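Residue numbers (the numbering used here), protein chains in the order written: chain Y, 806 to 1124; chain G, 171 to 411. In what follows, a structure is listed as structure tokens, so that the remarks can point back to it.
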Amino acid sequence: MSTFAIETHALTRCFGHRLAVNSVSMSVPEKAVYGFLGRNGAGKTTTLKMLLGLIRPTSGAALVRGIDVTRRRVDAARNVGSLLEAHGFYVNLTGRENLHLTRTLLDVRASEVDRVLEVVEMTDDAGRRVSDYSLGMRQRLGLARAMLGAPPVLALDEPTNGLDPDGIADMRRFLKALPDRTGATVLLSSHLLGEIENTATHIGILSGGCLVLEGELSRLKGDLSPEIAIRVDDPLRARSILRSFDLTVSEVEPNASLIATLRPGYDADRASADLNRALVDAGLSVFEISPRARSLEGIYREVSGVNAEVHTREAMEIA
Amino acid sequence: MLAALKVEGLKLNRSLASVLAVAAPTLIAIFVFFNMLRGDEPQAWTMWLQTSVGIWAFFMLPMSVTALTALVAHMEHGPRAWDHLRALPVRRWKIYAAKAVWVILIVAAMSFLNLALTFAAVSTAAAIKPALAPTGPLDLAGQAAMMGRVVLAGLLLTAIQLWTALRFTSFVPALALGIGGTFFSVVATAAKQGVFFPWQMPVNMLATEPWRVHTALSLGGGVGLIVMVVAIAHLSRREFL
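Set out below in structure tokens:
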């Protein structure tokens, strides 16, 4: 048995002359919440569809718990529950009836329907027609359907799409706790940095069809250069003072803050104290000096190029 | 396969398929009822039953198949359920085959319901106007056998309509095909070449020349079965982008 819940090897898919997914080799560890990140059109959904056996790769392989999806689709599919962008609910049927249809096809026990409804806290609404459900309720019902039969891997495509802020917060909490509650590995596809940052233990960033970064989120953040935000009464003088330190002043923000970027591994607290002392000794008024927590946005910007910046900000705002 | 059949049955049970299944044969029975009441002379049972089978075979059967296959396909196209269905650990051909089986079963049920309702309509009209009571022997078994051949000969058009309805997300290609096929079936009912035209194969079961009956039955039933199998295989294998 493979140590990874999901693996792809040089997975490639072309649509005509367009290369949608370009030699993607990803590894999703067991019981991880793997954030699959990328802008719209980066190739996330195409990769997900290949993992689910919905489309065939042009070349390369996709494996779910060591099972080749192209060669043994049905066996691989037994290990995956999925929530796709198009829910595919029969809106004239109730939530419970929709789950019953999938349960029948999966040939799992009838009690599974009650179990998954309880997990997503939908038991009270299960008797209502899906046409009367809000988008958030449909997302939760989709999640319940994905969990029927307790598959060890869950592939979720944009699960917070269309949810209100409370719904997004609930979904994040739910997804984060899922590996502990059910033992499942979660592959979470999203273009929202905030969603991934608050939920994922591992990330993979897709850009232009290529996997440009993959790894454990905490380790990737730790590898980043520390930053210190500084707000003073005279930013121009401060810049000249900071030049004597082993750092770069990279940015002046709209509120006249300076951002000092240290070398990777440098102690940000100690540097803050040194910088503060130097600025005060030079007679400047220091309003604020604080190490900045490194965010996924920084990682994303570094690996996705300049054009990604605008998109990232938009995504963060939406999140 | 049983699970797929059960699921399709549950979905159809909550759709408007039953309304369609009853409405189409009832319309023919209503027509026969009033047509009989406006007559002056009694007619033979065979004439009334064959009239009903004829109308069913050349017009109402192709139209019903068009509507039914569009409905069956749209149950998945409408809510965009294909990705969910096709991602499940179920052999895809079973999903499509279950749909085909239900369509054939419903068409067969509608056909025999047509016969039963026509019998009821003629009996009711005769009770209202006893002078018009049908004459001659009532060969229900023979008419049922003829209807069975009509359903079998309609298998090719059913396969073509079902493939078109499932292949295209929009219902327009399937409807255009069905309306077009039925149109030529109606305006060229007597055409000799009609025996090779899928939409006219059912009505050729009423032909007096045996070669026409045999040819239409072999093509409609035999080739129809092959086309249905090929259609299911194609739909199972194709990517749904």
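Beta carbons: idealized from backbone N, C-alpha and C, even for Gly. Nothing here was measured: the structure is a model prediction, and the numbers come from that model.
Short of 6 Å from the beta carbon of Y/Lys981, and not among the five residues preceding or following it, lie these beta carbons of its own chain, in chain order: Thr1004. Distances from the CA of G/Glu409 to each of Y/Arg818, Y/Ile811 and Y/Thr813 were compared; the closest alpha carbon is that of Y/Arg818. Cβ-Cβ distances below 6 Å link Y/Gly886 to Ala951, Met952, Pro956 and Leu959 in the same chain, with the five nearest sequence neighbours on each side left out; the list follows chain order. The three-state reading of DSSP puts Y/Asn897 in coil, since its state is none of H, G, I, E or B. Residue G/Leu182 holds the alpha-carbon nearest to the alpha-carbon of G/Leu238 among G/Gln213, G/Leu182, G/Asn205 and G/Ala360.
With a threshold of 8 Å between beta carbons, G/Leu175 makes no contact with chain Y. In the DSSP annotation of this structure, the continuous segment of the beta strand (DSSP E) that includes Y/Gly886 starts and ends at Val885 to Leu888.
Listed along chain G are Ala173, Lys176 and Val177, each with a C-beta nearer than 7 Å to that of Y/Thr909. Residues of chain G whose Cβ lies closer than 8 Å to the Cβ of Y/Asn845 do not exist; the shortest such Cβ separation is about 17 Å. For the pair G/Leu287 and G/Met233, the Cα-to-Cα distance works out to about 18 Å.
The shortest CA-to-CA distance from Y/Val1108 to any of Y/Asp1039, Y/Leu1011 and Y/Thr1053 is the one to Y/Leu1011. For Y/Ala891, the chain G residues whose Cβ falls inside 7 Å of its Cβ are Arg250 and Asp253, in order along the chain. Given a length threshold of 3 residues, each whole run of the beta strand (DSSP E) inside the segment 969 to 1042 of chain Y is given here in chain order: 990 to 995, 1007 to 1012, 1015 to 1021 and 1032 to 1037. Chain Y places a beta carbon closer than 8 Å to that of G/Val260, counting this residue as a contact. In this structure, Y/Arg870 sits near Y/Asn884, with a CB-CB distance shorter than 8 Å.
Between G/Ala295 and G/Phe203, the C-beta gap is smaller than 8 Å, which places the two residues in contact. Against Y/Leu859, the close residues of chain G are Asp253, Arg256, Ala257, Glu409 and Phe410, in the order they occur along the chain (beta-carbon pairs closer than 8 Å).
Taken atom to atom, the span from the alpha-carbon of Y/Val1085 to that of Y/Tyr1105 is near 35 Å. DSSP links Y/Thr1066 through a beta bridge to Y/Glu1032 and Y/Thr1053. Within chain G, no C-beta atom comes less than 7 Å from the C-beta of Y/Tyr938; the nearest is roughly 12 Å away. Distances from the alpha-carbon of Y/Leu1029 to those of Y/Leu1101, Y/Cys1015 and Y/Gly1009 put Y/Leu1101 closest. The DSSP assignment places 342 to 357 and 380 to 387 as complete runs of the alpha helix (DSSP H) inside the segment 339 to 390 of chain G, in order along the chain (cut-off: 4 residues). Within chain G, the residues whose beta carbon sits less than 8 Å from that of Y/Phe894 are Pro249 and Ala251, listed in sequence order. In this structure, G/Met317 and G/Val383 do not form a Cβ contact; the two beta carbons are roughly 14 Å apart against a cut-off of 8 Å. The beta carbons of Y/Gly954 and Y/Asp930 sit no closer together than 8 Å. Taking a Cβ-Cβ threshold of 9 Å, the residues of chain Y close to G/Arg184 are Tyr895, Asn897, Leu898 and Glu902, in chain order.
Looking at the DSSP output, Y/Arg1097 sits in a beta bridge with Y/Glu1032. G/Ala243 carries a helical assignment under DSSP once its states are collapsed to helix, strand and coil. Look at Y/Leu906: its C-beta is under 8 Å from a C-beta on chain G. Y/Ala882 has a beta carbon lying within less than 8 Å of a beta carbon in chain G. Taking CB atoms only, G/Lys181 has a neighbour in chain Y less than 8 Å away. The segment 359 to 371 of chain G makes no contact with the segment 261 to 270 of chain G: fewer than 3 CB pairs, one atom from each, lie closer than 8 Å.
Assignment of beta-bridge partners to Y/Asp962 by DSSP yields Y/Ser994. By the Cβ-count criterion, Y/Glu926 is exposed, with fewer than 16 other Cβ atoms from all chains shown falling within 10 Å of its own Cβ. Any Cβ of chain G closer than 8 Å to the Cβ of Y/Asp912 would place that residue at the interface, and such an atom is present.
G/Met398 and G/Met280 have their C-alpha atoms spaced approximately 20 Å apart.
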